[in-house]
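Notes for the one structure printed next.
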Amino acid sequence: MENINFGIDLGTTNSGIGKFQSGKVNIFKNPVGFRDTLPSVIAYRNGRILVGDKARELTSVQPENVFSSFKRKMGSEFSYHVPATQENKTAIDFSALVLKELINFVGDEKPTSAVITIPASFDTIQSNATKSAGYSAGLQEVLLLQEPIAACLAYANTQNISIDESKKWLVYDFGGGTFDVALVSINNRELKVIDHEGNNFLGGLDIDNLILEHLFCPILEKELGTDNLWKQMVSAEKGIYSKLFFELLYRAEEAKKELSIKESVYVELELELASKFIEFEITRQQFNELIHPKVEETVKLTKRLLEKNNVSNQQVERIILVGGTTYIPYVKEYLHQEFESTVDSSIDPTTAIIVGASYYAGTKTKQNLSTEKAEIKEEVPDQLRDVKLVYEVNSQDNEELLTGFVPNEFSGYYRVTRTDGGFDSGLISFHSKFNEFLKLVPKTSNFFHVKIFNKHQVLVFEQDNLSINHGIYNISGQPLPNDICLEVDDTLGTTYLERIFKKNDILPLSKKIYKTVSKTILKDSGAQLIINIVEGKAETSPASNLCIGYLEINASDLSANLLKGTDIEIDFEISESRDLTVNVFIDAINLEISQVFNASAKQVSIPKVRLELEKSLNNIDYEIEEFSINNRHEIVDRLNDLRLEIIELLKALIDIEDDLVTDKIYNIDERKRKAFQLYDDLVRRKNVIAEIEEYQAYKAEIKEDLLLKPNAKIEHVFNNIIKNEAQFLNSNQTSIIRSKTKELQKISHEMYYQHDESYVNLFYQYAYKEISDYSNESVARKHISNGERAIKNENYIELKAIISALYHLLKIKPKDYFEDKNGTLGLK
Numbered sequence: 001m002e003n004i005n006f007g008i009d010l011g012t013t014n015s016g017i018g019k020f021q022s023g024k025v026n027i028f029k030n031p032v033g034f035r036d037t038l039p040s041v042i043a044y045r046n047g048r049i050l051v052g053d054k055a056r057e058l059t060s061v062q063p064e065n066v067f068s069s070f071k072r073k074m075g076s077e078f079s080y081h082v083p084a085t086q087e088n089k090t091a092i093d094f095s096a097l098v099l100k101e102l103i104n105f106v107g108d109e110k111p112t113s114a115v116i117t118i119p120a121s122f123d124t125i126q127s128n129a130t131k132s133a134g135y136s137a138g139l140q141e142v143l144l145l146q147e148p149i150a151a152c153l154a155y156a157n158t159q160n161i162s163i164d165e166s167k168k169w170l171v172y173d174f175g176g177g178t179f180d181v182a183l184v185s186i187n188n189r190e191l192k193v194i195d196h197e198g199n200n201f202l203g204g205l206d207i208d209n210l211i212l213e214h215l216f217c218p219i220l221e222k223e224l225g226t227d228n229l230w231k232q233m234v235s236a237e238k239g240i241y242s243k244l245f246f247e248l249l250y251r252a253e254e255a256k257k258e259l260s261i262k263e264s265v266y267v268e269l270e271l272e273l274a275s276k277f278i279e280f281e282i283t284r285q286q287f288n289e290l291i292h293p294k295v296e297e298t299v300k301l302t303k304r305l306l307e308k309n310n311v312s313n314q315q316v317e318r319i320i321l322v323g324g325t326t327y328i329p330y331v332k333e334y335l336h337q338e339f340e341s342t343v344d345s346s347i348d349p350t351t352a353i354i355v356g357a358s359y360y361a362g363t364k365t366k367q368n369l370s371t372e373k374a375e376i377k378e379e380v381p382d383q384l385r386d387v388k389l390v391y392e393v394n395s396q397d398n399e400e401l402l403t404g405f406v407p408n409e410f411s412g413y414y415r416v417t418r419t420d421g422g423f424d425s426g427l428i429s430f431h432s433k434f435n436e437f438l439k440l441v442p443k444t445s446n447f448f449h450v451k452i453f454n455k456h457q458v459l460v461f462e463q464d465n466l467s468i469n470h471g472i473y474n475i476s477g478q479p480l481p482n483d484i485c486l487e488v489d490d491t492l493g494t495t496y497l498e499r500i501f502k503k504n505d506i507l508p509l510s511k512k513i514y515k516t517v518s519k520t521i522l523k524d525s526g527a528q529l530i531i532n533i534v535e536g537k538a539e540t541s542p543a544s545n546l547c548i549g550y551l552e553i554n555a556s557d558l559s560a561n562l563l564k565g566t567d568i569e570i571d572f573e574i575s576e577s578r579d580l581t582v583n584v585f586i587d588a589i590n591l592e593i594s595q596v597f598n599a600s601a602k603q604v605s606i607p608k609v610r611l612e613l614e615k616s617l618n619n620i621d622y623e624i625e626e627f628s629i630n631n632r633h634e635i636v637d638r639l640n641d642l643r644l645e646i647i648e649l650l651k652a653l654i655d656i657e658d659d660l661v662t663d664k665i666y667n668i669d670e671r672k673r674k675a676f677q678l679y680d681d682l683v684r685r686k687n688v689i690a691e692i693e694e695y696q697a698y699k700a701e702i703k704e705d706l707l708l709k710p711n712a713k714i715e716h717v718f719n720n721i722i723k724n725e726a727q728f729l730n731s732n733q734t735s736i737i738r739s740k741t742k743e744l745q746k747i748s749h750e751m752y753y754q755h756d757e758s759y760v761n762l763f764y765q766y767a768y769k770e771i772s773d774y775s776n777e778s779v780a781r782k783h784i785s786n787g788e789r790a791i792k793n794e795n796y797i798e799l800k801a802i803i804s805a806l807y808h809l810l811k812i813k814p815k816d817y818f819e820d821k822n823g824t825l826g827l828k
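In terms of full-length UniProt numbering, the sequence shown opens at residue 1 and continues consecutively.
Right under this line is the structure:
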């Protein structure tokens, strides 16, 4: 019996590894300096690859061959050029080297499975990249754990807390590269993550960059007699100051650390290229003023998290600080100032994630064991193939109840033993059901062996992977960080998102849905059926979400024509580590496709981001004018704030046009997506209200017409359209509401033409067309003349025939508004 036990914090600035053993976590020491962590730094020198402290020491010697903070580029297509080897490396490559070095800390017992932590805000692509790094490092099994959960587990399992009633905590995780804040509920049995907020490009590294750009550079520019030193250092054009960046960034980080314990710090720089020695002072007050906007951003995210979950400051018992950036005194001061809760820094913020990951690993059985089925003997009757064992995985009690169910009136015996020999139930008879209190060893994982025998005491069922954790807090499950949606066609020629899994649903997840083909795809026609799965917010536009799975079914893949209206069955599965599997079944043409999506890189293009921002600016200006006309000043104010954010992002794009050193483009892209989602939130409500008002107007009109002129057939169709009204009106999806309105319009249109007089208006629509629009002008003139006579004589039967004849004479037939538009994706 074996659990994973090994937990790894793969951090932006530092990483570490621990192991859960005998109810406690042992952190493996870094042989260099005997510290708990390893700097996440890689260097290349003289044909050797250096990892950690030795790599970092080369920053002042060969900065161009030293690489750090690559975690922030996980899941991107960015590659680093290594001059020493003339190779290009990715963040996955560097992360794998860090993981290999951590595994070496363990000694002879090389782990084959490990829990690796990720920021809660990591999207699916970034998560996949982390798993890829683990596999490249030699691990056979990688289980991902969100960092705020790891922090909670570390706190709950090391602080000897006693909880009698449910409490709410905030986990404030301000690390070297990312910021996460999670709202957590804890009771006497388990932890549950309610919701989270975060920014994958907000961390200690951003503070280091601020110090360098705004405190170091102005002084150095005077000393060196140059302008725009920052731009020169990060530019794609390698100039004389390019190598200086990494050395100065290292000095900025050291200054930050000193200012966390001192009121001022003297920075000493020896600049070889200018043969100068420079010394200058930075005060904590300067430092605090500089970092205030970054700290304020974390507080805004925290307040937004509480607000959207209707939780007040008073309801939060404590704020648990995690991550090296929380060592900065100003961070604690600002949190004390803004929140009434206890700001708790009692756990080591640099090792908490390692400890929590290891506790979690201690509750997870290795994959080869977890996938093992309970052994069933060949001669076993069918009912033993449905044995159910019910028990709590985590317990704070000295004993835990195990209940076994065997269907269909089975009679026999059971025996339960603890694998360390400390408990044995003996052989006990039972009929259909048994209960057994299992004695637990405190503060560790307990493993039990369950056997069932028939009435002749012949072994017929065996399960040896039953694990119960005593005194160890665990989580109720990891929440999904964002909605997972399928892009589908509507009936109007556009697309919208259909939510498959909802944000904060507990992983793993699975769901089966049924869709139809929205356009005919002829075999070998070159057309496609597209299945596009995105991550983000279901109520927003597809463009403001991240594509995590894209499947094209080409016409050449089809064995027969795929007709519009054909049924499609789609199965979705997401594992606890966010592996996405999609199975597509089209029974009509006997097509079955299974795809596991594990994309580990996404592209971010500066021109594309600029184009999207410029387009959004035009849209915002239009909406500001619209809302101003309607005196919606509160929304106008928020749109103006959003407009300023977009302008700021456009300016930031100009600043980084030649930047091949920092990761600011990814920060801008993340801010862009959040800005677009906020725009969708603000404007969608207006559009949704307009759609609802139009829907209600048609509904009222039809109700009134049905009262005046009852029609059983139309009333039946009408009731079918409105029967799930609450659901689609509250969907926040304009496309869904609009499609329902269109169905009502079709009924209204049908009822309108039940009145003979309505054909008079229709006739004149044809009569007033250009005579050249008709294929036979003389015949058309004759029909028009006859139509006018039919109207005069109130001969509506003849009038209808004339209208039909005119329709067929038209060279270009008018489009049927009520006909469903062919979809662009082929799926609805």
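Cβ atoms here follow ideal geometry from the backbone N, Cα and C, with glycine treated the same way.
(Q) Please classify aspartate 655 as buried or exposed, where buried requires at least 16 other C-beta atoms within 10 Å of its C-beta. (A) Around the Cβ of aspartate 655, a 10 Å sphere holds fewer than 16 other Cβ atoms; the residue is exposed.
Q: With distances taken Cα to Cα, identify the nearest neighbour of asparagine 776 among His808, Glu794, Phe216.
A: With distances taken between Cα atoms, asparagine 776 lies closest to His808.
Q: Taking threonine 741 as part of the alpha helix (DSSP H), name the residues at either end of that continuous run.
A: Under the DSSP assignment, threonine 741 falls in the alpha helix (DSSP H) whose first and last residues are 734 to 752.
Q | arginine 499 (DSSP reduced to helix, strand or coil) | A | Arginine 499 falls in the strand class under three-state DSSP.
(Q) Taking the beta strand (DSSP E) that asparagine 465 belongs to, which residues open and close that run? (A) It spans 459 to 470 - the beta strand (DSSP E) in which asparagine 465 sits, taken as one unbroken run.
Q) Going by the CB atoms, is the gap between serine 15 and leucine 145 shorter than 9 Å? A) With a cutoff of 9 Å on beta-carbon distance, leucine 145 and serine 15 are scored as not near each other.
Q | Cα-Cα separation between histidine 81 and glycine 203, rounded to whole angstroms | A | It is roughly 24 Å from the alpha-carbon of histidine 81 to the alpha-carbon of glycine 203.
Q. How many angstroms separate the CA atom of phenylalanine 430 from the CA atom of glycine 356?
A. Rounded to whole angstroms, phenylalanine 430 to glycine 356 spans 41 Å at the Cα level.
Q) Between Asn545, Leu486, Leu438, Tyr172, which lies nearest to aspartate 680 when the distance is taken from Cα to Cα? A) Of the candidates Asn545, Leu486, Leu438, Tyr172, Asn545 places its Cα closest to the Cα of aspartate 680.
Q: Rank Ile282, Ser22, Gly11 by C-alpha distance to the C-alpha of asparagine 5 and give the top, closest one.
A: Nearest neighbour of asparagine 5 by Cα position, chosen from Ile282, Ser22, Gly11, turns out to be Ser22.
**Q.** Unbroken alpha helix (DSSP H) run spanning asparagine 288, endpoints
**A.** For asparagine 288, the uninterrupted alpha helix (DSSP H) segment begins and ends at 284 to 308.
Q) Given alanine 560, which residues of its chain have a CB within under 7 Å of its CB, disregarding the five upstream and five downstream residues? A) Exclusion of the five residues before and after alanine 560 leaves Lys523, Ile589 as the residues of its chain whose Cβ lies within less than 7 Å of its Cβ.
Q. How about phenylalanine 70 and alanine 91: do their beta carbons lie closer than 9 Å?
A. The answer is yes: Cβ separation under 9 Å.
**Q.** Backbone CA spacing between glutamine 286 and valine 393 [nearest angstrom]
**A.** One C-alpha to the other measures close to 51 Å.
Q. Using the rule of at least 16 other Cβ atoms within 10 Å of the residue's Cβ for burial, across every protein chain shown, is aspartate 164 buried or exposed?
A. Taking a 10 Å sphere around the C-beta of aspartate 164, we find fewer than 16 other C-beta atoms and assign the residue as exposed.
Q. Which first and last residues belong to the alpha helix (DSSP H) in which lysine 222 is found?
A. For lysine 222, the uninterrupted alpha helix (DSSP H) segment begins and ends at 217 to 224.
Q.
Within 10 Å of its beta-carbon, does aspartate 567 have 16 or more other beta-carbons around it, so buried, or fewer, so exposed?
A. It counts as exposed.
Q: Can you tell me which of the three DSSP states serine 577 falls into?
A: For serine 577, the three-state secondary structure derived from DSSP is coil.
Q: Evaluate lysine 828 with the Cβ neighbour count: other Cβ atoms within 10 Å of its Cβ, from every protein chain shown; 16 or more gives buried, anything less gives exposed.
A: Per the 10 Å Cβ criterion, buried.
Q) Below 9 Å between beta carbons: does that hold for glutamate 281 and serine 260? A) It is not a contact, given that the beta carbons lie outside the stated cut-off.
Q. What separation, rounded to the nearest whole angstrom, lies between the Cα atoms of glutamate 2 and lysine 131?
A. A direct Cα-to-Cα measurement between glutamate 2 and lysine 131 gives close to 21 Å.
**Q.** Counterpart residues of threonine 45 in DSSP-defined beta bridges
**A.** The amino acid at residue 45 is misidentified as threonine; the sequence shows arginine. Note: arginine 45 sits in a beta bridge opposite Arg48.
Q | Beta-bridge partners of leucine 801, as assigned by DSSP | A | The sequence as given places alanine at residue 801; leucine does not occur at that position. Paired residues: none, contrary to the question.
Q: Return helix, strand or coil for valine 106, following the three-state DSSP convention.
A: If DSSP states are grouped into helix, strand and coil, valine 106 belongs with coil.
Q. When burial is assigned at 16 or more other CB atoms within 10 Å of the CB, is phenylalanine 461 buried or exposed?
A. Buried, by the Cβ-count rule.
(Q) Distance check for alanine 555 and serine 518, CA to CA, integer angstroms please. (A) A direct Cα-to-Cα measurement between serine 518 and alanine 555 gives close to 14 Å.
**Q.** Chain-order list of residues whose beta-carbon lies under 6 Å from that of leucine 427 (same chain, five-residue window excluded)
**A.** Around leucine 427, the same chain offers Tyr413, Arg415 as residues with beta carbons nearer than 6 Å, after the five sequence neighbours per side are excluded.
Q: Along the beta strand (DSSP E) that carries asparagine 454, what are the first and last residues, could you check?
A: For asparagine 454, the enclosing beta strand (DSSP E) stretches over residues 445 to 454.
Q.
Could you compute how far the alpha carbon of lysine 110 sits from the alpha carbon of serine 541?
A. For lysine 110 and serine 541, the distance between alpha carbons rounds to 47 Å.
Q | Nearest candidate by alpha-carbon position, reference leucine 825, set Gln478, Lys54, Leu497, Phe728 | A | Here the closest residue by C-alpha is Leu497.
(Q) Considering Cα atoms alone, identify which of Ala154, Lys455, Leu249, Val316 is closest to asparagine 474. (A) With respect to the C-alpha of asparagine 474, the residue from Ala154, Lys455, Leu249, Val316 having the closest C-alpha is Ala154.
Q: Identify whether serine 778 lies in helix, strand or coil by the three-state DSSP scheme.
A: Note: serine 778 maps to helix in three-state DSSP.
Q: Report all residues from its chain with a CB closer than 8 Å to the CB of glutamate 258; omit the five preceding and five following residues, and keep chain order.
A: Same-chain partners within the cutoff: Val265.
Q. To the nearest angstrom, how far is it from the Cα of phenylalanine 277 to the Cα of phenylalanine 676?
A. Taking the straight line joining both Cα atoms gives about 48 Å.
(Q) If I measure Cβ to Cβ from leucine 244 and keep anything under 7 Å in the same chain, skipping five residues before and after, which residues do I get? (A) These residues qualify, in order along the chain: Met233.
Q: Determine contact between the region 124 to 142 and the region 326 to 345, defined as no fewer than three beta-carbon pairs at a distance below 8 Å.
A: No, the region 124 to 142 is not in contact with the region 326 to 345.
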